[in-house]
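*Asks:*
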Amino acid sequence: MNKHISALALSLLLSVIPFSGVNAAEKTIRIGTEGAYPPFNFFNADGKLAGFDVELAQALCDKMQTKCTFVAQDWDGIIPALLAGKYDVIVASMFITEKRKLKVDFSDPYQKSAMTFVIGKDSTLTDFSPEGMDGKIIGAQGSTTQGDFLNALYPNSDIRLYPTQDAVNLDLISGRIDAQVGDMIPMLDWTKKSTDGNCCTLAGEPITDPKYVGDGVGMALRQEDDELRLKLNEALAAVIADGTYKKINDKFFSVNILTLQ
Amino acid sequence: MLELLITYAPKFFDGALMTLKLTFISVSIAALLSLPLAILRRSKNSALQLPIRLFVSFFRGTPLLAQLFLVYYGSGQFRLELTDLGLWWFFRDPLYCALFTFTLNSTAYQIEILRGALQAVSSGEIEAAVAIGMTRRLIYQKIILPHAYRIAFPALGNEVILMLKGGAIASVITLMDLMGRTRQAFSQTFDISVYFWAALFYLLITSAFVVAWRLLERRLTRHIDYHGVNNLPSTSSATMTGLNNAS
Amino acid sequence: MQWYEYLSYGSTGWGDELLSGLVITLSLAAVTLPLGLALGLAVAAASVSSSKAARWGALGFTTVIRGLPELLSLFLIYHGVGMLINNTLKWLNPEADFFELSPFVAGVIALGLVFAGYAAEVLRGAWQALDRGQSEAGLSIGMSKLQVFFHIERPQILRLALPGLGNLWINLIKDTALVSVIALSDLMRMANIAVGSTKKPFLFFLTVCLMYWVICIGCEFCIAKMERRANRGIRTL
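Residue numbers (this note's numbering), protein chains in the order written: chain A, 678 to 938; chain B, 14 to 260; chain C, 1236 to 1472.
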């Protein structure tokens, strides 16, 4: 009986393998993104992925004249799923950090990176140093550079890590947390543009320590996929040069997020 | 694999403490609440009975995860109203929200367990007590409750385990229990073995509890002779399943 | 916007997304049930078999499954089995394409194992409660073992196991909410997405609670009907 099962399993496995050769010939690029990080990537009310990351990735694909499909993946598992091959590239506004570089390779930066504190408009907090935040409740999305930053530098604050950025925002609105640390651009966008973000405002100096924010925002690829990485870099340079990048940028943001000017 | 365990052991330990805290506080408060409610649930007055039935049905008919989200994020939407009522300090804290939700959930399950147990107390004993002139209070104290709790005992132990396992969702509202610590460790290492360690810890906790509960049961029922034991629901592993908890 | 506009169909309302989530939730439960039941039956058979190894295997399986949080089983399957299959494929053929263990399949496997772990105990209990004299009587009047199982034992096991299995089915529907955590777009996850976009947590989480509640009450009603039917030959006091 056991022999039969293992023979069956083996033949099933083997039957999968020949397909890989066929796939390689006309490969569509599978793009992984989170879908819970507006305005970069989110689900619209049609249940479709949308946002800056998605539109930029689509523009890059058009430039490379390849077909692309989008896959939503929770942030916690976004690198493991890339390594396992669920998709070929992560376009999810991921900071290029030393820690991540151990596992993946990054494209050239396609956004500048910085983090910021965000507080409620009625908040009296002015000192965002670790001493000033002693005993305060600070929220951030888990498994992010913000989380690492807080855990490393704010040992005396109550740090709460949420599964999504949306959840952090909800709790800042409700006042459950005294402050949150988020990426500069989405926080800028959220506080300035959305009605619910009206509650809150950026505070303190932008956090730009490269140890935590890295060298900008890049697309993450498996380390062996150098060919695709170079092609993406080329396409990125091309969409920046021909104004496509600016068009998409202006659709979502009031500042140029490549330079943060 | 061992290196990983050593690195993350203190965090796992913290997480396990949080898991135990969540479970035992909510199950204990629920134990206090469920008895009077179970007795009211048996009343013939439908004004008393109906709200309890609705409460039980709602908490047993919806996922704990949805209940937790409703209480935690839902209450956040009513911050001003809750502040006016002087309740915001309670709902502001994720630990209180989780304890609140888990307590209500466990209360619903325990009401059903006790209701069944109260029903199963033999009517002959109650009639005998009435016949010798015992007061209602005394009958509950000396006859009905000891019997009912002995009947309910295995199912109540089962409910503790279900809560312990169900509570593993607490990390979605930022509480770092054993499951939350595990997910955190996985997101830092991408090493699947953290999940195996977590599985081992959960198995240790649940098995230790099952053994302790059995010993406790044997001690509580040590005065009952063989024939008496025969009338009890079996304490074999079959009763530690979903069989009792939701029936 | 009024609350009912949030729940309406179309590109501004979330009603259609919630319904599509509901379809996923229900199909997940419906696909899991037969698989879990079949596995549960096999484990129950092993637990009453004469082979010591089979009995120990069944005991180990049910103990582990029932001792682990459902969420943990789900993560173990989703991350663990996916990784295992891919590493095996890569080992067999370094050029192999990625094998996707979709959240749906991971959910079916994990929830199916959980269902089987509990169902095995329910079925074993029902089997052990059977009156042995009846099957002996069947054999003595010349029925085959298969006939005895089919005509005498099966209907009674079904009757005895039905309440327990009914509870497990309802637990299964509720447990499907956990797959939202591994990114399957079920009812629970759709509600989360809607909340992220609208910032109306109370409305959406209450709505999904009510949806689950209605489904569970409906199922309880059907199970009660099935129980009445299964018990129709039994004299009640």
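Glycine included, each C-beta is placed from N, C-alpha and C at the ideal position.
#1: Buried or exposed for residue 72/B, please, with buried defined as at least 16 other CB atoms from any protein chain shown within 10 angstroms of its CB.
#2: Can you look up residue 721/A in the DSSP assignment and give me helix, strand or coil?
#3: Could you check which residue in 167/B, 171/B, 116/B has the C-alpha nearest to that of residue 35/B?
#4: Using only the alpha-carbon positions, how far apart do residue 239/B and residue 222/B sit?
#5: What does residue 1418/C touch in chain A if you count any residue whose Cβ is under 7 Å from its own?
#6: Taking 8 Å as the CB-CB limit, is residue 1461/C close to chain A?
#7: My understanding is that residue 1364/C touches residue 1395/C, with C-beta atoms under 8 Å, so please give their C-beta distance in whole angstroms.
#8: Are the CB atoms of residue 1346/C and residue 1410/C nearer to each other than 8 Å?
#9: For residue 770/A, name the three-state secondary structure that DSSP assigns.
#10: For residue 47/B, I'd like the list of residues in its chain whose CB is within less than 7 Å of its CB, leaving aside the five on either flank, ordered along the chain.
#11: Relative to the alpha-carbon of residue 39/B, which residue among 194/B, 180/B, 91/B has its alpha-carbon at the smallest distance?
#12: Could you check which residue in 788/A, 809/A, 869/A has the C-alpha nearest to that of residue 933/A?
#13: For residue 1349/C, count neighbouring Cβ atoms within 10 angstroms of its own Cβ and tell me buried if that reaches 16, exposed if not.
#14: Which residue spans inside the region 105-140 of chain B form an unbroken alpha helix (DSSP H) run of at least 4?
#15: Quick one: does residue 89/B have its CB under 8 Å from some CB of chain A?
#16: Hey, residue 1361/C and residue 1405/C: beta-carbon distance below 8 Å or not?
#17: Does any residue of chain A bring its CB to less than 8 Å from the CB of residue 1399/C?
#18: Just confirm the distance between the C-beta atoms of residue 1252/C and residue 1413/C, as a whole number of angstroms; I'd bet it's less than 8 Å.
#19: Helix or strand or just coil, what does DSSP make of residue 816/A?
#20: Between residue 1293/C and the rest of its own chain, which residues show a CB-CB distance below 6 Å, the 5 nearest in sequence each way excluded?
#21: Spatial neighbours of residue 1438/C within its chain, please: C-beta separation below 7 Å, excluding the five flanking residues on both sides.
#22: Where do the ends of the alpha helix (DSSP H) carrying residue 792/A lie?
#23: The alpha helix (DSSP H) spanning residue 25/B covers which residue range?
#24: Is residue 767/A buried or exposed, if buried means 16 or more other CB atoms sit within 10 Å of its CB?
#25: By the 9 Å beta-carbon criterion, what residues does the region 58-74 of chain B contribute toward chain C?
#26: Below 8 Å between beta carbons: does that hold for residue 165/B and residue 142/B?
#27: For residue 1462/C, I'd like the list of residues in its chain whose CB is within less than 7 Å of its CB, leaving aside the five on either flank, ordered along the chain.
#28: Three-state secondary structure (DSSP) at residue 1378/C?
#29: Could you list the residues in the region 1304-1327 of chain C with a C-beta less than 9 Å from some C-beta on chain B, going in chain order?
#30: State the Cα-Cα distance for the pair residue 217/B and residue 224/B, rounded to the nearest angstrom.
#31: Using beta carbons (cut-off 8 Å, strictly below), is residue 839/A in contact with chain B?
#32: Indicate whether at least one CB of chain B lies closer than 8 Å to the CB of residue 1302/C.
#33: Taking the alpha-carbon positions, what's the residue 759/A to residue 102/B distance?
#34: Just to confirm my understanding: we take residue 44/B, look at its own chain, exclude 5 residues before and 5 after, and list those with CB closer than 7 Å. What are they?
#35: Name the residue from 144/B, 113/B, 140/B whose alpha carbon lies nearest to the alpha carbon of residue 42/B.
#36: For residue 1516/C, does the count of other Cβ atoms within 10 angstroms reach 16, so buried, or fall short, so exposed?
*Replies:* Reading from the atomic positions:
#1: Along the second sequence, one-based indexing puts residue 72/B at 59. Classification of residue 72/B: buried, given that the 10 Å Cβ count is 16 or more.
#2: Taking the first sequence and counting its residues from 1, the one referred to as residue 721/A is at position 44. Residue state, collapsed to three classes: coil.
#3: Counting from one through the second sequence, the residue named residue 35/B turns up at place 22. Residue 116/B is the option with its Cα nearest to residue 35/B.
#4: Reading the second sequence from its first residue, position 226 is the one you call residue 239/B. Reading the second sequence from its first residue, position 209 is the one you call residue 222/B. Because the pLDDT of residue 239/B is 48, which lies under 50, any placement of that residue in the model is unreliable, and the question is left without a value.
#5: In the third sequence, the residue the question calls residue 1418/C occupies position 183. Going along chain A in sequence order, the residues near residue 1418/C (Cβ under 7 Å) are 749, 750, 751.
#6: Position 226 of the third sequence, counted from the start, is the residue given in the question as residue 1461/C. Not closer than 8 Å to any Cβ of chain A, the Cβ of residue 1461/C fails to qualify, so no.
#7: Translated into positions along the third sequence, residue 1364/C becomes position 129. Translated into positions along the third sequence, residue 1395/C becomes position 160. 5 Å between Cβ atoms; contact.
#8: To locate residue 1346/C, count along the third sequence from 1; it is residue 111. To locate residue 1410/C, count along the third sequence from 1; it is residue 175. Yes, the Cβ-Cβ distance between residue 1346/C and residue 1410/C is below 8 Å.
#9: Locating residue 770/A in the first sequence gives position 93, where the first residue counts as 1. Strand at residue 770/A.
#10: Here the question's residue 47/B lines up with position 34 in the second sequence. Taken in chain order, the residues that qualify are 120, 123, 124, 127.
#11: Counting from one through the second sequence, the residue named residue 39/B turns up at place 26. For residue 39/B, the nearest C-alpha among the options comes from 180/B.
#12: Indexing the first sequence from 1 puts residue 933/A at position 256. Checked all of 788/A, 809/A, 869/A; the closest Cα to residue 933/A is 788/A.
#13: In the third sequence, residue 1349/C corresponds to position 114, counting from 1. Flag for residue 1349/C reads buried.
#14: 107-133
#15: Position 76 of the second sequence, counted from the start, is the residue given in the question as residue 89/B. Chain A contact via Cβ: present.
#16: Mapped onto the third sequence, residue 1361/C falls at position 126. Mapped onto the third sequence, residue 1405/C falls at position 170. It is not a contact, given that the beta carbons lie outside the stated cut-off.
#17: Position 164 of the third sequence, counted from the first residue, corresponds to residue 1399/C. False, the Cβ-Cβ gap to chain A never drops below 8 Å.
#18: Within the third sequence, the letter at position 17 stands for residue 1252/C. Within the third sequence, the letter at position 178 stands for residue 1413/C. Wrong, their Cβ atoms sit about 19 Å apart, outside the cutoff.
#19: Here residue 816/A refers to the residue found at position 139 when the first sequence is read from its first residue. Residue 816/A falls in the strand class under three-state DSSP.
#20: As a position in the third sequence, residue 1293/C is number 58, starting the count at 1. Result list for residue 1293/C: 1278, 1281, 1282, in chain order.
#21: Residue mapping note: residue 1438/C aligns to position 203 of the third sequence, counting from 1. 1238, 1241, listed in sequence order.
#22: Taking the first sequence and counting its residues from 1, one reaches residue 792/A at position 115. Counting along the chain, residue 792/A falls outside any alpha helix (DSSP H), though it belongs to the beta strand (DSSP E) covering 792-797.
#23: Stepping through the second sequence from its first residue, residue 25/B is reached at position 12. Note, residue 25/B: alpha helix (DSSP H), 15-54.
#24: Here residue 767/A refers to the residue found at position 90 of the first sequence. By the neighbour-count rule (16 or more Cβ atoms within 10 Å), residue 767/A is buried.
#25: 70, 71, 73, 74
#26: Looking up residue 165/B in the second sequence gives position 152. Looking up residue 142/B in the second sequence gives position 129. No, they are not a contact pair.
#27: Numbered from its first residue, the third sequence carries residue 1462/C at position 227. 1397, 1398, listed in sequence order.
#28: As a first step, residue 1378/C is located in the third sequence; it is residue number 143 there, counting from the start. Note: residue 1378/C maps to coil in three-state DSSP.
#29: 1304, 1305, 1306, 1307, 1308, 1310, 1311, 1314, 1315, 1318, 1319
#30: Here the question's residue 217/B lines up with position 204 in the second sequence. Here the question's residue 224/B lines up with position 211 in the second sequence. The straight-line gap from Cα to Cα measures roughly 11 Å.
#31: Translated into the one-based positions of the first sequence, residue 839/A becomes position 162. Judged by the 8 Å Cβ criterion, residue 839/A is in contact with chain B.
#32: Locating residue 1302/C in the third sequence gives position 67, where the first residue counts as 1. Yes, residue 1302/C counts as interfacial toward chain B.
#33: One-based indexing of the first sequence puts residue 759/A at position 82. One-based indexing of the second sequence puts residue 102/B at position 89. Roughly 42 Å separates the two Cα atoms.
#34: Taking the first residue of the second sequence as position 1, residue 44/B is located at position 31. Closer than 7 Å at the Cβ level, and outside the excluded window around residue 44/B, lie 123.
#35: Looking up residue 42/B in the second sequence gives position 29. Nearest of 144/B, 113/B, 140/B to residue 42/B, Cα basis: 113/B.
#36: With chain C running from 1236 to 1472 in the structure shown, residue 1516/C is simply not present.
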